[in-house]
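Just so you know, we're using my numbering here: the sequence shown kicks off at 747 and counts up by one.
Structure first, then comments.
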Amino acid sequence: MIKIAILGYGTIGSGVVEVLNTNRESIAGRAGDEIEVKYILDLRDFPGDPMEDKVVHDYGIIVNDPEIQVVVEAMGGVEPAYTFVKKALLAGKSVTTSNKALVAKHGAELIAIAKEQSINFMFEASVGGGIPIIRPLNSSLTADEIQEITGILNGTTNYMLSKMTFEGLEFDDVLKDAQSRGYAEADPTADVEGYDACRKIAILTSLVCGQQVDFEEIYTEGITKITAVDICYAKAMGKVVKLLATSRKTEEGYCAMVAPFLLSQEHPLYNVNDVFNAIFVHGNVLGDAMFYGSGAGKLPTASAVVADIVDIAKHLHKNILISWSSRKMDLVDWKKAKSRFFVRAKEEKENIQKIFGSVEFIEAEGISGETGFLTEVLTEEAFEQKASGLKNILQRIRVV
Ligand code: HSE
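Shown next as structure tokens:
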């Protein structure tokens, strides 16, 4: 019997209990032993809940119990999750977490402690919800130099943009809907401002380059400024707006960014809708690969956490090497990144052409009093420099 403790009995913590109960036998078969939840740490009590008698309020009970071999961190946020996880690892207990904020900030250190202790720190659920991506990067795609990872890594915003596109709904209404479905973070600012996707692409880039990528250095723009008018123009161009998190290996180094992009039908991420996430990976010998699936929500995320528990059970006292050192990877200045830009401005076409040269003007049904246009491929800094010559820019969205 492998005894585990769950920290946090919210959406993910209760999902882990549900998954363990639903697939008890097959999970035991795959883990080689039964998994039993001995404790649940939460500030609250849960009267009437079947797990009521497992709830404790003192972390000391868990960390000092030699029977506990695995700690599941499902609290979210950096503290006290970091302190609890570090204590668990130092006490010889393996940890799995769904917490991208924790992994992005302290992943390298926690991985190193697990290695020293011959145990494991796993975080499959921290990126892409139920989609396997951490394990594939760490064990399946190891023959490659990964040259690009581009993903739709936030279920909430993908759900919102899909609803805005297909049902013409307003931003605030779709956000409430996403929250009620358990997709959004406790503070949905992390979703809609792109911070959640930023931490996820920082984790993936760290795994790919084997060094610490600081999420603070990744240029991040959310979807709060995307309007129904932008969606109309996107439709007129046969494109969709998606929040992409992307990182590329260039000759100068790694370049990463999170921002809304306009995607054409040919793009592999064009058809990724609703709460689904997808991660496109390009390796120098593999070529292209795509990972697609449920990117947020209780059971998909819990499925990835429980898969980590099974992997930990199969490797008790044996560390699975994860190549992610604390040595910092300096990113290439994002202003050197190149793309086409879609722009909406209250400007005369002649003036736009004078500044941007050759552009493609876009007409959208029912929109007047402004001009929409697509630039040629420009660096970010060249775009900014040209755009400063226009007085009334209403919007600019990058195009891939
Ligand atoms: N709020 C996150 C999302 C949860 O919407 O993708 C999964 O990390």
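Backbone N, C-alpha and C fix where the C-beta goes; we use that ideal spot for every residue, glycine too.
- If you draw a straight line from the Cα of Leu1045 to the Cα of Thr1121, it comes to about 43 Å.
- Taking a cut-off of 8 Å for Cβ pairs, the stretch 753 to 764 and the stretch 792 to 809 touch, as three or more such pairs fall below it.
- DSSP places Glu1096 in the uninterrupted alpha helix (DSSP H) bounded by 1095 to 1102.
- Closest option to Pro1014, judged by alpha-carbon separation, among Asp1034, Gly1029, Ala1005, Gly1115: Asp1034.
- Pairing His1061 with Gln893 gives a Cβ-Cβ distance that is not under 8 Å.
- Each residue's CA atom was taken as its position, placing Val1089 and Phe1107 some 10 Å apart.
- If one requires a minimum length of 3 residues, the beta strand (DSSP E) runs lying completely within the stretch 795 to 819 are 814 to 819, in chain order.
- Here the alpha carbon of Tyr1000 sits roughly 9 Å from the alpha carbon of Asp1079.
- A straight line joining the alpha-carbon of Glu913 with that of Met1036 spans about 27 Å.
- By the CB criterion at 8 Å, Gly901 and Gly1039 fall outside the cutoff.
- In terms of Cβ geometry, Asp890 and Leu1032 form a close pair [threshold 8 Å].
- DSSP places Arg1142 inside the beta strand (DSSP E), whose first and last residues are 1139 to 1145.
- The ligand HSE approaches Ala1042 closely enough that one of its heavy atoms is under 7 Å from the residue's Cβ.
- Comparing alpha carbon positions, the residue from Asn1030, Ile859, Lys851, Met910 closest to Glu963 is Lys851.
- Taken from the Cβ of Gly822, every heavy atom of the ligand HSE lies 7 Å or farther away.
- In the DSSP assignment, Gln958 forms a beta bridge with Lys1074.
- A residue is called buried when at least 16 other Cβ atoms come within 10 angstroms of its Cβ; Glu997 does not meet this threshold and is exposed.
- Counting only runs of at least 3 residues, the stretch 982 to 1021 fully encloses the following beta strand (DSSP E) elements, listed from N- to C-terminal order: 985 to 996, 999 to 1010.
- Counting every other CB atom within 10 Å of its CB across the protein chains shown gives Thr896 a total of 16 or more, marking it as buried.
- Taking the Cα of Ile859 as reference, the smallest distance to any Cα among Gly875, Asn845, Lys839, Ser872 is reached at Lys839.
- DSSP places Leu1045 within a helical segment (H, G or I) once states are collapsed to three.
- Going by DSSP, Leu1120 is part of the beta strand (DSSP E) stretching over 1117 to 1120.
- Classified as buried, Gly759 has 16 or more neighbouring CB atoms from the shown chains inside 10 Å of its CB.
- By a beta-carbon distance limit of 8 Å, Glu1012 does not contact Thr970. Their separation comes to about 28 Å.
- Considering only Leu1067, Ala1091, Phe869, Lys800, the residue with the shortest C-alpha distance to Val849 is Phe869.
- Placement of the Cβ of Lys922 at a distance of 7 Å or more from every heavy atom of the ligand HSE is found.
- Looking at the DSSP output, Arg776 sits in no beta bridge, so it has no partner there.
- In the DSSP assignment, the residues bridged to Phe1087 are Arg1144.
- In this structure, Gln815 sits near Lys749, with a CB-CB distance shorter than 8 Å.
- By a beta-carbon distance limit of 8 Å, Leu766 contacts Val1052. Their separation comes to about 6 Å.
- Positions of the beta strand (DSSP E) runs, each at least 3 residues long and wholly inside the stretch 893 to 937, cannot be given because no such run exists.
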